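Working notes, structure below.
2 protein chains.
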Amino acid sequence: MEWLNAEEKEAWTGLISLVLLLPGRLEAPLQQDAGLSLFDYLVLSHVSEAPDRRMRMSELAHLANGSLSRLSNVVKRFEQRGWVVRFPDPDDGRYTIASLTDEGFEVVKAAAPTHLRTVRQFVLDPLTATDRQALTRIAAKLKVTIPPA
Amino acid sequence: MEWLNAEEKEAWTGLISLVLLLPGRLEAPLQQDAGLSLFDYLVLSHVSEAPDRRMRMSELAHLANGSLSRLSNVVKRFEQRGWVVRFPDPDDGRYTIASLTDEGFEVVKAAAPTHLRTVRQFVLDPLTATDRQALTRIAAKLKVTIPPA
DNA sequence: TCCAATGACTTCACGCGTGAAGTCAACCTA
DNA sequence: TAGGTTGACTTCACGCGTGAAGTCATTGGA
Numbered sequence: 018m019e020w021l022n023a024e025e026k027e028a029w030t031g032l033i034s035l036v037l038l039l040p041g042r043l044e045a046p047l048q049q050d051a052g053l054s055l056f057d058y059l060v061l062s063h064v065s066e067a068p069d070r071r072m073r074m075s076e077l078a079h080l081a082n083g084s085l086s087r088l089s090n091v092v093k094r095f096e097q098r099g100w101v102v103r104f105p106d107p108d109d110g111r112y113t114i115a116s117l118t119d120e121g122f123e124v125v126k127a128a129a130p131t132h133l134r135t136v137r138q139f140v141l142d143p144l145t146a147t148d149r150q151a152l153t154r155i156a157a158k159l160k161v162t163i164p165p166a
Numbered sequence: 018m019e020w021l022n023a024e025e026k027e028a029w030t031g032l033i034s035l036v037l038l039l040p041g042r043l044e045a046p047l048q049q050d051a052g053l054s055l056f057d058y059l060v061l062s063h064v065s066e067a068p069d070r071r072m073r074m075s076e077l078a079h080l081a082n083g084s085l086s087r088l089s090n091v092v093k094r095f096e097q098r099g100w101v102v103r104f105p106d107p108d109d110g111r112y113t114i115a116s117l118t119d120e121g122f123e124v125v126k127a128a129a130p131t132h133l134r135t136v137r138q139f140v141l142d143p144l145t146a147t148d149r150q151a152l153t154r155i156a157a158k159l160k161v162t163i164p165p166a
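The following block contains the structure:
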């Protein structure tokens with residue numbers, strides 16, 4: 018990384034470490050306790066908070082920060098485990114609705130406390146309120162929309 | 018994500034998006050132009066900047082923010098393509114040294130300008146100097162060391 | 001009314017990351 | 001100097017993500 022001044026290089030190096038190491042850190046406890054990946058948890062968690070615990074696949078993919086293809090694979094596994102059912106949207110057959118089963122809801126409910134503790138421990142607690150606001154601002158500026166595919 | 022107040026939730030949501038979407042954004046141009054993953058590039062780039070363009074595997078893994086196992090697999094592929102050679106450290110046979118070949122050096126040199134442009138476009142340019150300093154500070158606070166394995 | 005276009009998925013082959021188990025060199029201790 | 005220990009890798013099986021290609025429902029012209 019030549020051609021960056023010291024300040025730029027520090028920011029870049031810090032960001033890269035964050036982006037490469039944090040997911041593993043946040044995922045380990047989930048994987049251990051519930052056999053879920055971080056993305057798995059985000060998906061389940063978002064459906065569980067939706068009205069009637071159901072949501073269109075495309076909206077869910079966007080909320081969970083993943084591609085539709087990735088979500089489709091994940092939801093297929095969930096369906097095989099009985100955590101979710103899929104059916105075409107009655108209002109427009111082009112959409113698919115993913116609906117959380119009671120069993121699926123139990124899975125999120127069981128995983129949530131552990132996950133929340135992890136998030137606090139590794140992300141929220143080490144930061145001051147000022148840091149958290151700066152993080153929000155920075156993330157918004159760097160936010161990118163999901164590509165097609 | 019219940020049980021977080023609004024400020025915490027914003028920070029967490031922003032961070033998660035960053036962490037899940039940025040790698041893909043940064044990697045796409047590298048993959049397109051040079052057939053390299055982001056981690057591939059970091060590895061090559063760090064060896065290329067080391068004295069004599071060689072470095073111990075464990076040090077390289079740490080610099081590139083990856084596990085030794087991951088690095089070992091990557092370097093094996095590099096070796097098959099003739100970009101790197103490996104040999105035991107003459108000073109201490111327990112270490113392995115990875116050494117960049119001329120061909121490997123050409124690969125990094127060719128990929129660097131594109132990558133640098135990507136980093137500026139998606140990370141550095143959207144941020145003010147204040148943002149970048151805040152990012153450095155935040156990343157330092159969230160920094161975690163690589164786990165064993 | 002038909003058919004091309006659009007867009008929401010789904011599938012599959014390929015390549016990569018993970019983590020457990022194995023190998024090996026140097027060190028330590030009796 | 002033998003045997004145990006440590007730590008630096010390496011390997012492999014497994015599961016997951018990617019992106020291209022395919023399917024299908026709906027829409028908007030001609």
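Chains as they are written, first to last, in the working numbering: chain L, 18 to 166; chain V, 18 to 166.
C-beta atoms are modelled at their ideal positions from N, C-alpha and C, and glycine is treated no differently.
Predicted, not measured: the structure shown is a model, and the values here were computed from it.
V/Val64 is positioned such that its CB atom lies closer than 9 Å to that of V/Ser116. Contact check for V/Glu25 against L/Leu47 fails: the beta carbons are separated by 9 Å or more. Taking 9 Å as the cut-off, the beta carbon of V/Ser54 is found closer than this to the beta carbon of V/Glu44. For a cut-off of 8 Å, the C-beta gap from L/Ala128 to L/Ala51 is around 4 Å, short enough to register as a contact. If you compare the alpha carbons of L/Trp20, L/Glu27, L/Leu21, L/Asn22 with that of V/Gln150, the shortest gap goes to L/Glu27.
DSSP lists V/Val101 as the beta-bridge partner residues of V/Leu117. Taking CB atoms only, L/Ser34 has a neighbour in chain V less than 9 Å away. Scanning L/Arg98, L/Thr113, L/Trp20 for the CA closest to the CA of L/Phe104 turns up L/Thr113. In terms of Cα proximity to L/Phe95, the closest of L/Gly110, L/Leu80, L/Asn82, L/Ser62 is L/Ser62.
Partner residues in a beta bridge of L/Met74, as assigned by DSSP, do not exist.
Rounded to whole angstroms, the separation of the alpha carbons of V/Ala156 and V/Arg70 is 28 Å. For L/Pro40, the CB contacts under 7 Å within the same chain, skipping 5 residues up- and downstream, are Leu55 in chain order. The C-alpha of V/Arg98 lies about 36 Å from the C-alpha of V/Pro143. A straight-line Cα-Cα distance of about 27 Å links V/Ala67 and V/Arg42. Per DSSP, the continuous alpha helix (DSSP H) segment holding V/Tyr58 begins and ends at 55 to 66. Here DSSP, grouped into helix, strand and coil, assigns L/Trp29 to helix.
In the three-state reduction of the DSSP assignment, L/Asp142 falls in the coil class. Counting only residues of its own chain and dropping the five nearest sequence neighbours on each side, V/Leu85 has a CB closer than 7 Å to the CB of Met74, Ser75, Ala78. Of all residues in the segment 66 to 83 of chain V, only Glu66, Ala81, Asn82, Gly83 come within less than 9 Å of chain L when Cβ atoms are compared, listed by chain position.
By a beta-carbon distance limit of 8 Å, L/Leu37 contacts V/Asn82. Their separation comes to about 4 Å.
If you ignore the 5 residues before and after L/Trp100, its C-beta comes within less than 8 Å of the C-beta of Leu61, Leu117, Thr118, Glu120, Gly121, Val124, all in its own chain and listed in chain order. Note that the C-beta distance between L/Trp20 and V/Leu133 is below 9 Å. Of the residues L/Gly31, L/Arg154, L/Ala23, L/Met72, the one whose Cα lies closest to the Cα of L/Pro107 is L/Met72. Here DSSP, grouped into helix, strand and coil, assigns L/Leu88 to helix. In this structure, V/Leu152 keeps its C-beta atom at 9 Å or more from the C-beta atom of L/Gly110. In this structure, DSSP gives V/Ala81 a state outside helix and strand, which the three-state scheme calls coil.
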